[in-house]
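As structure tokens, the structure follows; a few thoughts come after it.
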């Protein structure tokens, strides 16, 4: 038997410590929570992706009574970007969430399906996507989704 430890690097910022372009993306992700349709969970998630030309695309979670057809904010923004700007790579994604009490204190992390979708985009364009997970007090920043999905399933896994 062999024991292996997997570690991820995480940077923790306060909002004012972020670069101006990252603060703008966080603001847009927070604004996007207003577009959430979440009558069942009352958990509103917004996402904002920045493309390599600076274009920003919003996404918000869209629930359905048949939960299997619910769409997360992250995939909503990513699929919108890929449908409308397939020639441009995504360089950043910010994710924010609020509940009935307001924005969540601690950053919320993408679900497994969203992690996989982000990974596929990184692989498609051959570049990492900077991930900003937004809480009220702090913002977690990762240089790539691989930090949140270290044992990933991508094309190389099928060879």
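In this note's numbering, the protein residues as written are 23 to 181.
Built from N, CA and C at the ideal position, the CB exists for glycine as well.
What does residue i pair with, by DSSP beta-bridge criteria?
i, result
"residue 154", "116, 163"
"residue 33", "163"
"residue 73", "112"
"residue 84", "59, 93"
Where does residue i sit, in a helix, a strand or coil, going by DSSP?
i, result
"residue 122", "coil"
"residue 67", "strand"
"residue 78", "strand"
"residue 101", "helix"
"residue 127", "coil"
"residue 139", "helix"
"residue 28", "coil"
"residue 52", "helix"
"residue 170", "coil"
"residue 23", "coil"
"residue 134", "helix"
"residue 47", "helix"
"residue 147", "helix"
Is the beta carbon of residue i sitting closer than 8 Å to the one on residue j?
i, j, result
"residue 160", "residue 35", "yes"
"residue 51", "residue 38", "no"
"residue 60", "residue 81", "no"
"residue 163", "residue 115", "no"
"residue 155", "residue 117", "yes"
"residue 143", "residue 153", "no"
"residue 85", "residue 62", "yes"
"residue 55", "residue 103", "no"
Counting only beta-carbon separations shorter than 8 Å, does residue i have a partner in chain B?
i, result
"residue 33", "The chain labelled as chain B is not found in the depicted structure, where only one protein chain is given."
Is the number of C-beta pairs between the stretch 100 to 118 and the stretch 68 to 79 that are closer than 8 Å three or more? Yes: at least three Cβ pairs fall under 8 Å.
Touch test, the stretch 156 to 176 against the stretch 126 to 144, Cβ-Cβ under 8 Å, three pairs minimum: Because the criterion of three Cβ pairs below 8 Å is met, the stretch 156 to 176 and the stretch 126 to 144 touch.
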